[in-house]
Ligand code: HAM
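In this note's numbering, the protein residues as written are 277 to 708.
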């Protein structure tokens, strides 16, 4: 029979990858707590209208990337969430979460976009998102940037990322800029590719986003939105820059940064890396003051971001974290007496908070100590503990560092000798 496979672009997360996921999740949760963000979980499936209204009709996501279907049981049009912001805003309005002031929320989970899969771009991918709702001051935008900066530092990937920032101003400013852009692109229409000519009338801002190498110098000289900002938008943007300077967070003002979703105004930002090829945007976000009203709520300011977890994990794998052993002890044993002894020893070590990998006796009995040592080497552990009938007789155990190769022999009169066990565990823990 033909074996079944997962859907293209939707990947299993296998046990070997899990350590890096947990490393990311634990650091993220710690950091989120330190900043006072609260978790929200919304359904993976929403009415299609949530995303059409939230993200904007003329965006790549809504035009061609959504997994939408008709629920044949009640005729509703539903969509697997392509992002989290529209869902969170829907929930905040529906549950009146802003009645007693602003809220700082986060979510983590799977998103779905029908894109062409390639390295770093999947049809099911995962985001950590944060939405600060009800806060108008540039300090809220800056705090989000600071959060991401701190998390990237904790994860050890900060030096691989460059923060790009821009302001998209407000609607009247954008309309004036749009007019100037259309005029400029029409004057250069012979340089535009087919995609850009299509966007010229629908969403000219997105032409600025084009990666077509033949269009780059023309785009570089296109009218900048920053020249169209008036007092309020300009001072918002300048305050953010001043705060970032004060926090010592490096950034690059990039007037071509437009983002692929329609809900933004004023601030937008992205962290981009050179190390992941074409899919180099690891985190993106910005201010979206008009969205809550567009989604049917009262008018509240808001700002948020989302990071692509798969892309971040790719970067983490390039750091020294990836080379660190993830387990403490791998137990090697061979001999009649070792069957029960190894189970008891593993249990004792775990009582002292040491993580122990032990394979079953039957499986190991047929293997020499040498081939078990090979397994220990591949197990991502710091130490191997070797137990044989002879060692049990001599009341000692041997602990071998799998990093340096050093071997230490410890006395262990019996498994109730907590003093001797403590010495062994201290040795393991101190060297970790
Ligand atoms: P976004 O830029 O569409 O923004 O996505 C955020 C991040 O998700 C991207 O920077 C990227 O790292 C990751 N990502 C997006 N698509 C894929 C994919 N197909 N495969 C792998 N990773 C992907 C948003 O989603 C907004 N909701 C962000 C936001 C929150 N703005 C305000 N609040």
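Beta carbons: idealized from backbone N, C-alpha and C, even for Gly. Please read these numbers as outputs of a predicted model, since none were measured by experiment.
query                                                                                                                                                                                    : result
Is it the case that the CB of residue 582 approaches a heavy atom of the ligand HAM more closely than 6 Å?                                                                               : yes
CB-CB under 7 Å to residue 464, same chain, minus the five flanking residues each way: which ones, in chain order?                                                                       : 494
Can residue 322 be considered in contact with the ligand HAM, in the sense that its beta carbon sits closer than 6 Å to one or more heavy atoms?                                         : no
To the nearest angstrom, how far is the alpha carbon of residue 336 from that of residue 681?                                                                                            : 54 Å
Among 331, 524, 687, which residue has its Cα nearest to the Cα of residue 669?                                                                                                          : 687
Hey, is residue 586 close to the ligand HAM, as in C-beta under 6 Å from one of its heavy atoms?                                                                                         : yes
Please confirm whether residue 535 and residue 558 have their CB atoms less than 7 Å apart.                                                                                              : no
With H, G and I counted as helix, E and B as strand and the rest as coil, what does DSSP make of residue 613?                                                                            : coil
Count the other CB atoms, across all protein chains shown, that sit within 10 Å of the CB of residue 277; report buried if there are 16 or more and exposed otherwise.                   : exposed
Evaluate contact between the stretch 563-582 and the stretch 593-613, counting only Cβ atoms and requiring at least three cross-stretch pairs below 8 Å.                                 : no
Got a sec, what are the start and stop residues for the alpha helix (DSSP H) residue 691 sits in?                                                                                        : Counting along the chain, residue 691 falls outside any alpha helix (DSSP H), and DSSP gives it neither H nor E.
At a cut-off of 6 Å, is residue 557 close to the ligand HAM when judged by its beta-carbon and the heavy atoms of the ligand?                                                            : yes
Could you check if residue 383 belongs to the surroundings of the ligand HAM, using beta carbon to heavy atom distance under 6 Å?                                                        : no
Would you say the stretch 480-500 touches the stretch 380-395, given that touching needs at least three Cβ pairs under 8 Å?                                                              : no
Kindly list the residues whose CB is nearer than 8 Å to the CB of residue 340, restricted to its own chain and excluding five residues on each side of it in sequence; keep chain order. : 390
Could you tell me which of 521, 487, 457 sits nearest to residue 476, measuring between CA atoms?                                                                                        : 457
Nearest-angstrom Cα distance between residue 608 and residue 643?                                                                                                                        : 10 Å
Using a Cβ-based criterion (distance less than 6 Å to any ligand heavy atom), does residue 543 qualify as near the ligand HAM?                                                           : no
Touch check for the stretch 322-337 and the stretch 347-358: three-plus C-beta pairs under 8 Å?                                                                                          : yes
Could you give the DSSP three-state label for residue 664: helix, strand or coil?                                                                                                        : strand
Is any heavy atom in the ligand HAM found nearer than 6 Å to the beta carbon of residue 359?                                                                                             : yes
Going by alpha carbons, who is nearest to residue 361 out of 383, 298, 442?                                                                                                              : 383
Can you have a look at residue 498 and say buried or exposed, based on whether 16 or more other CB atoms are within 10 angstroms of its CB?                                              : buried
Take residue 485 and list the residues in its own chain whose beta-carbon comes closer than 6 Å to its own, dropping the five residues that flank it on each side.                       : 534
How many angstroms separate the CA atom of residue 679 from the CA atom of residue 652?                                                                                                  : 11 Å
Please classify residue 627 as buried or exposed, where buried requires at least 16 neighbouring CB atoms within 10 angstroms.                                                           : exposed
Suppose only complete runs of 3+ residues qualify. What are the beta strand (DSSP E) ranges in the stretch 512-557, listed by chain order?                                               : 541-548
Which class does residue 506 belong to by DSSP, given the choice of helix, strand or coil?                                                                                               : coil
Helix, strand or coil: which one does DSSP assign to residue 394?                                                                                                                        : strand
Would you report the Cα separation of residue 542 and residue 364, rounded to the nearest angstrom?                                                                                      : 20 Å
What does a CB cutoff of less than 6 Å around residue 416 pick up in its chain, not counting 5 residues either side in sequence?                                                         : 408, 579
Do residue 663 and residue 675 have their beta-carbon atoms positioned less than 7 Å apart in this structure?                                                                            : no
Name, in chain order, the residues that DSSP records as bridge partners for residue 434.                                                                                                 : Its beta-bridge partners do not exist; DSSP assigns none.
In terms of residues, what are the limits of the beta strand (DSSP E) holding residue 323?                                                                                               : 321-323
Of all the options 403, 422, 419, 507, which has the alpha carbon lying nearest to the alpha carbon of residue 449?                                                                      : 507
Helix, strand or coil: which one does DSSP assign to residue 407?                                                                                                                        : strand
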